[in-house]
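A quick write-up on the structure given underneath.
Protein chains in written order, with this note's numbering: chain V, 1 to 450; chain P, 451 to 900.
Right, here's the structure in full:
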């Protein structure tokens with residue numbers, strides 16, 4: 001544990017891209033060829049003290065725009081007291097979302113908002129390192145009133161007041177020690193998307209689905225939405241592979257209009273899909289409510305592209321979702337996700353976070369574990385998404401045992417990448433990309449031995 | 451008229467900023483010190499043929515991020531056939547919003563979406579120049595089926611189908627010749643925000659309000675939301691200055707939560723506000739619906755920060771607005787605004803566009819004039835915002851006579867700035883900013899004699 005001293009001396013940014021499109025990892029109905037990428041941020045401190053690491057996940061082109069957006073925040077961060085930031089990350093969060101000129105580019109959505117998320121998450125990583133705790137534990141140990149102080153309630157008070165948040169967190173503390181022990185013993189339930197990418201053959205899908213069950217997962221997910229006949233064939237194959245006792249979610253990645261979402265989901269009903277994910281635009285609160293009415297008893301899930309707490313609030317107010325899929329890096333970091341977890345708790349909707357991408361599993365596990373230990377107190381009907389690629393680039397990668405995320409023990413937010421990975425995959429001049437360009441042949445090696 | 455030939459050879463971008471914060475022009479409860487700026491785009495064509503000009507409006511910091519976002523679109527544009535673009539601007543619009551990697555940064559919102567709007571509007575400027583018509587006339591003369599082909603109906607069909615759009619546009623054509631003559635004779639009604647900036651003294655407010663009425667305006671607007679006592683005093687002074695027959699809108703620029711919006715608006719009711727604008731988050735469809743129920747008979751208006759057609763659709767579906775304030779440069783350009791105009795027409799909600807900023811008046815007048823001539827056929831309860839600064843930087847500035855926008859006659863979208871203005875205000879190396887930095891004293895001269 002390092003006592004926080006000194007000031008932030010630099011905000012270093014890196015445009016990191018992995019050539020995942022060459023293997024069709026991550027392919028779905030809207031994203032046929034993603035190159036999983038990260039606009040990566042390192043907060044440096046005086047005298048080589050602890051660093052803070054954070055990032056925005058993107059799928060390739062535009063990662064440079066994300067880096068430019070983080071660069072535009074630098075003046076808000078450099079020179080800040082490390083002790084002040086660690087004591088109150090919310091002070092920076094509020095300054096960033098409140099910058100009256102930058103706010104015009106949102107407000108609180110898209111490129112600028114995700115850039116704020118990267119910086120804010122880096123601050124929480126720094127705070128947890130300084131505290132000598134994994135982030136989930138820092139949050140679970142925190143005073144409820146302090147957690148409430150980390151939230152911006154603007155635009156929320158018609159659904160959640162600071163007083164209600166305090167009551168939920170105070171109640172959540174009861175029995176936390178027992179749940180911490182249980183979490184350390186058992187981990188947090190996961191489900192896996194790895195079998196179901198749209199670009200995979202039926203053979204690969206079936207093999208990976210069986211393997212997932214053998215590894216202890218009780219839920220898998222399939223991408224759908226490009227072609228109905230293909231979806232029926234793939235769902236049939238997957239259901240046959242896993243048997244009736246395994247939950248099988250399907251994910252349309254925003255491919256449909258409202259009417260189409262209802263019709264297509266009903267056409268898959270015979271395979272007993274557990275939820276339909278992203279049936280339509282993530283902006284369409286009323287549309288999701290209509291889809292939910294239309295596809296019952298199939299559940300409706302969304303969230304990975306939901307831009308901020310205001311839209312999550314409405315999804316809950318409108319009864320538009322059965323499952324809330326927050327993302328660690330889409331919104332403005334831990335502070336905004338605390339608000340979203342509290343909204344979900346208030347409305348009694350389970351949170352099953354989006355993960356995958358680059359490092360999203362590493363980040364989001366901390367939020368769900370905090371939620372279990374010190375907010376909702378349950379993992380019932382709650383699972384964190386798991387995708388099995390790119391973890392090797394992280395210093396503290398997620399560990400999955402018997403279908404559960406193990407609780408991280410290292411201080412921080414599990415957000416730091418290996419220096420060798422950064423050096424290799426920085427675009428376009430890192431060693432991988434430079435060699436790739438020089439060879440004239442696309443490579444697919446995403447393994448880095450760091 | 452130049453026959454469109456050849457290809458797009460370059461997409462040139464400029465970070466243009468005006469030091470408006472030094473005079474408190476444009477100040478409001480959320481934006482105390484804007485430096486009105488434009489991320490400006492010029493499409494160059496082969497052989498020095500006609501150019502296309504477009505831009506995103508911002509209020510200062512972050513304009514560089516907007517420029518980076520336009521730069522990220524360049525590969526989609528360079529090399530395209532000019533004739534192909536002019537015949538079907540929608541082909542580029544769909545490619546840009548559909549780029550599967552860039553889409554991750556939205557989808558269809560914030561920095562990337564506004565950048566797409568700048569490029570798409572530049573294409574329409576080019577198309578109108580090639581056609582030898584002002585844009586409003588190109589749109590009003592167009593075949594309804596072609597206009598329908600320019601719209602992306604994804605996520606809209608639960609509220610508006612292509613068939614309904616075609617019917618609205620076909621009906622809108624009836625009597626268009628007479629309305630064109632009337633538009634050329636009388637212009638399109640305007641209202642003015644120039645008296646009501648929050649940073650202005652009561653004396654300046656009163657003087658400018660009287661002047662607005664003397665100039666023929668029948669509606670003014672005041673910024674509110676920072677301090678209730680101040681708002682009461684300013685509304686009283688403005689109402690006394692203009693008398694009871696003039697509409698007086700108030701604008702909170704997203705300052706409030708739902709409950710506060712209702713209470714504050716009611717506290718101003720004795721001054722007979724015509725509408726309350728942006729009472730809360732532009733993302734909060736359900737919140738606006740609640741505010742509208744609470745403040746009746748004061749109307750609710752929003753739109754300048756509404757991110758895309760999906761949110762506008764919901765504002766209409768939920769009965770959340772009395773007045774729809776589209777912006778020419780917030781969404782993905784003319785194509786998306788055609789969808790928004792059609793949605794408003796379908797739901798019978800008047801469109802009173804947001805303008806001001808840099809060049810927003812110049813752009814948006816074309817959309818309202820098309821709406822009048824060839825879609826809704828009326829200007830009843832419809833007014834375009836007018837703000838009286840920065841027009842001198844445009845080659846074809848708006849002309850206001852007796853409280854009306856005159857119909858533009860020059861070919862194009864009125865979007866081109868003077869070369870001298872671009873050279874002076876390009877940040878940070880243009881002649882104005884270089885001299886400003888060298889002098890050590892902030893200047894306020896925003897006049898450029900081009």
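Beta carbons are placed, not taken as given, at the ideal position from N, Cα and C, and that holds for glycine.
Partner residues on chain P for residue i, Cβ-Cβ distance less than 8 Å
i	result
residue 308/V	733
Rounded distance between the beta-carbons of residue j and residue i, thought under 8 Å
i	j	result
residue 768/P	residue 286/V	6 Å
residue 882/P	residue 586/P	About 32 Å; that fails the 8 Å criterion.
residue 569/P	residue 491/P	6 Å
residue 780/P	residue 564/P	6 Å
residue 802/P	residue 756/P	Their Cβ separation, rounded to whole angstroms, is 13 Å, which puts residue 802/P and residue 756/P out of contact at 8 Å.
residue 590/P	residue 848/P	Actually they are not in contact, since the Cβ atoms of residue 590/P and residue 848/P sit about 18 Å apart, beyond 8 Å.
residue 608/P	residue 294/V	That belief does not hold up - the Cβ atoms of residue 608/P and residue 294/V are roughly 11 Å apart, past 8 Å.
residue 493/P	residue 502/P	4 Å
Cβ shell of residue i (< 8 Å), same chain only, five flanking positions each side left out
i	result
residue 903/P	Absent from the model: residue 903/P. The displayed extent of chain P is 451 to 900, so no value can be given.
residue 686/P	721
residue 396/V	362, 408, 410, 412, 414 and 416
residue 540/P	599, 600, 601, 602 and 785
residue 168/V	342, 345, 346 and 375
residue 660/P	691 and 692
Same chain only: Cβ atoms within 6 Å of residue i, ignoring 5 sequence neighbours per side
i	result
residue 148/V	162, 165 and 166
residue 533/P	454
Residues that residue i contacts on chain P, provided the C-beta gap is smaller than 7 Å
i	result
residue 121/V	Within chain P, no residue comes near residue 121/V; the closest Cβ sits about 17 Å away, beyond 7 Å.
residue 305/V	557
C-beta neighbour in chain P for residue i, strict 9 Å
i	result
residue 290/V	yes
residue 100/V	yes
residue 286/V	yes
residue 311/V	yes
residue 335/V	no
residue 18/V	no
residue 318/V	yes
residue 404/V	no
residue 35/V	yes
Contacts around residue i, its chain only, beta-carbon distance under 7 Å, and the 5 residues preceding and following it disregarded
i	result
residue 17/V	35, 37, 60, 63, 425 and 427
residue 897/P	Low confidence applies here, because residue 897/P scores a pLDDT of 45, under 50, leaving its location unreliable and the question unanswered by this model.
residue 430/V	423 and 424
residue 731/P	704 and 737
residue 15/V	39, 63, 64, 67, 426 and 427
Identified DSSP bridge partners for residue i
i	result
residue 385/V	191/V
residue 646/P	672/P
residue 275/V	299/V
residue 504/P	491/P
residue 158/V	Partner(s): none; residue 158/V has no beta bridge.
residue 584/P	862/P
residue 467/P	487/P
residue 801/P	774/P
residue 850/P	855/P
residue 457/P	531/P
Listed by chain order, chain V residues near residue i by CB distance under 7 Å
i	result
residue 708/P	158
residue 777/P	Ordered by position in chain V, no residue passes the 7 Å Cβ test against residue 777/P, which lies about 11 Å from the chain.
residue 752/P	Here the premise fails: no neighbours, minimum Cβ distance about 13 Å.
Contact with chain V by residue i, beta-carbon distance below 9 Å
i	result
residue 563/P	yes
residue 816/P	no
residue 524/P	no
residue 482/P	yes
residue 604/P	yes
residue 519/P	yes
residue 730/P	yes
residue 764/P	yes
Chain-ordered neighbours of residue i on chain V, where CB pairs are closer than 8 Å
i	result
residue 555/P	58, 62, 65, 66, 110, 111 and 114
residue 704/P	107
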